[in-house]
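Notes to accompany the following structure.
Written as structure tokens, this is what we have:
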């Protein structure tokens, strides 16, 4: 696309992300709905394959380092539900240069580099 030809990949990512957010806000106003935008920190060179689930309760508690591979159907959950509306939350922190096979499930944990 011509409008992105003189931009760095980081700039294109920022522009496209901003456009998506602005369209979502515009649509939510038109449909009288609320939108929720959340952030998960992901390092450069990370690959997240299909159907990976990042906890939607508190995705801001997930920190993924550089050069990570999350295999298909991996699940990262930061919450534990104990019934009677009781939740406990913890941080998932994954270092750099780690690989996780398909179907891996993790709760709150801190993993060092090269795991």
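In the numbering used here, the protein residues as written are 17 to 131. Virtual Cβ for every residue (Gly too), placed ideally from N, Cα, C. Quick caveat, the model's predicted, so the values are computed rather than measured.
Under DSSP, residue 86 takes part in a beta bridge, and its partners are 64 and 116. If you look at residue 127, you'll find it in the beta strand (DSSP E) that goes 125-127. Listed as beta-bridge partners of residue 57 by DSSP are 79. Taking residue 82 as the centre and dropping the five residues before and after it, the same chain places the C-beta of 59, 60, 61, 62, 112 and 113 closer than 8 Å to its C-beta, in chain order. Going by DSSP, residue 28 is part of the alpha helix (DSSP H) stretching over 25-46.
The Cβ atoms of residue 90 and residue 65 sit closer than 9 Å to each other.
Judged by beta-carbon spacing, residue 68 lies within the 9 Å limit of residue 86, meaning their Cβ atoms are closer than that value.
Here residue 94 is buried: its Cβ has 16 or more other Cβ atoms, across all protein chains shown, within 10 Å.
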